[in-house]
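Below: the structure, in structure tokens.
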Amino acid sequence: MKKPTIEFADFLKLDTRAGEIKTATKVENSNKLLELTLDLGEDYGIVTILSGIAKYFPPGSLIGKKVPVVANLAPKEMAGKISNGFILMVDLPGHIPVLIELPPSTPNGSILC
1 MKKPTIEFAD
11 FLKLDTRAGE
21 IKTATKVENS
31 NKLLELTLDL
41 GEDYGIVTIL
51 SGIAKYFPPG
61 SLIGKKVPVV
71 ANLAPKEMAG
81 KISNGFILMV
91 DLPGHIPVLI
101 ELPPSTPNGS
111 ILC
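Just so we're aligned: the sequence shown equals residues 1 to 113 in full-length UniProt numbering.
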């Protein structure tokens, strides 16, 4: 579904960074959520992000992956925990997420444009 057009100034508000997944665990009392900690480099440091991908990715398979992250998204409470960002993924038909992997040599916190 196509979304409404946004102004370029609104797009520029997004701070999209390279993040390295350091830990990934299932969230208690949720069959959808994983709690991930990511290293977003000097500006953001280590952050916690919740993602509804538990049925698609074993937690251990994500460790060490470099991924694109919207780093300046307002915190959001989910399942009694706070998520501080959003991992960008491909959404295949049927809402099947596919991880976008950045080259391993990408420095944590690199600005994505």
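Heads up, the beta-carbon is just placed ideally off N, CA and C, and yes, glycines get one too.
- Whole-angstrom distance between L36 and K76, CA atom to CA atom: Looking at the two C-alpha atoms, the distance is approximately 14 Å.
- Just grab the DSSP bridge partners of M1 for me. In the DSSP output, where bridge partners are listed per residue, M1 has none listed.
- Considering only C-alpha positions, which residue in the set S51, K22 and L12 is nearest to I82? Checking every option, the nearest Cα to that of I82 belongs to S51.
- Message: Our contact map puts A79 next to V47 with C-beta atoms below 8 Å; I'd like the distance itself, whole angstroms only.
- Response: Under the criterion of beta carbons closer than 8 Å, A79 and V47 do not qualify as touching, at roughly 17 Å.
- Which same chain residues, not among the five before or five after L88, have their C-beta less than 8 Å away from its C-beta? Here L88 has T16, V67, P68, V69, V70 and I100 as same chain residues with Cβ atoms under 8 Å from its own Cβ, once five neighbours each way along the sequence are excluded.
- What's the gap between the Cα of K55 and the Cα of N72? Roughly 26 Å between the two C-alpha positions.
- Any idea what DSSP makes of P107, helix, strand or coil? In the structure shown, P107 sits in coil (DSSP, three-state: anything other than H, G, I, E or B).
- S61, DSSP secondary structure in three states: Reduced to three states, the DSSP call for S61 is helix.
- E7 vs G109 beta-carbon contact at 9 Å: Against a cut-off of 9 Å, the Cβ pair of G109 and E7 comes out as no contact.
- Item | Beta-bridge pairing of I87 - partner residues as DSSP gives them | Note: I87 sits in a beta bridge opposite V69.
- Cutoff 7 Å; reference D39; Cβ partners in own chain excluding five residues on either side: Answer for D39: G19, E20, K22, I46 and N108, listed in chain order.
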